[in-house]
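In our numbering, the protein residues as written are 9 to 138.
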């Protein structure tokens, strides 16, 4: 009987430990935050339209949406790098799973993930995106 009670107490203790132990969350570094802000500035200052769930938005509306999504995901510890931001927040709708698209100056629409990745590469190399 003592063994069974001790086993149950150990199981409950372990369960309580698992429940109250926080999951390791990531936070973006200051360098990642700077790059993410630069990417949003590039998008916001572009003449490109942003497609989200089949509807086109202005650059300012796109930046506003991505900022909100970024804040939520940072709060959940999901964004640690600029690449995380592009992949998790800025490439597809978390509601529909549909890819976001960017269309600039009458050019064909492209998925936002590669568009932002290209802009990031230009930022990192010191070249002006767009």
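The C-beta atom is built at its ideal place from N, Cα and C for all residues, glycine as well.
Continuous alpha helix (DSSP H) stretch holding residue 82: start and end:
Locating residue 82 in the chain shown gives position 74, where the first residue counts as 1. That run of the alpha helix (DSSP H) goes 67-83.
C-alpha distance - residue 107 paired with residue 130, whole-angstrom precision:
For this step, residue 107 is matched to residue 99 along the chain shown. For this step, residue 130 is matched to residue 122 along the chain shown. Cα-Cα distance, rounded: 22 Å.
Determine whether the Cβ of residue 72 lies closer than 8 Å to any Cβ atom of chain C.
Of the protein chains in this structure there is only one, and it is not chain C.
Alpha carbon to alpha carbon, what distance is there between residue 51 and residue 139?
What the structure shows of the chain is the stretch from 9 to 138, and residue 139 is not part of that stretch, so it cannot be assessed.
For residue 35, three-class secondary structure by DSSP
In the chain shown, residue 35 corresponds to position 27, counting from 1. Reduced to three states, the DSSP call for residue 35 is coil.
Sorted by chain position, which residues of the same chain lie with C-beta nearer than 6 Å to residue 93's C-beta, five sequence neighbours on each side aside?
Locating residue 93 in the chain shown gives position 85, where the first residue counts as 1. Once the five neighbours on either side are set aside, the close Cβ partners of residue 93 are 44 and 87.
Under 8 Å between C-beta atoms of residue 54 and residue 124:
Taking the chain shown and counting its residues from 1, one reaches residue 54 at position 46. Taking the chain shown and counting its residues from 1, one reaches residue 124 at position 116. Cβ distance not < 8 Å, so residue 54 and residue 124 don't count as in contact.
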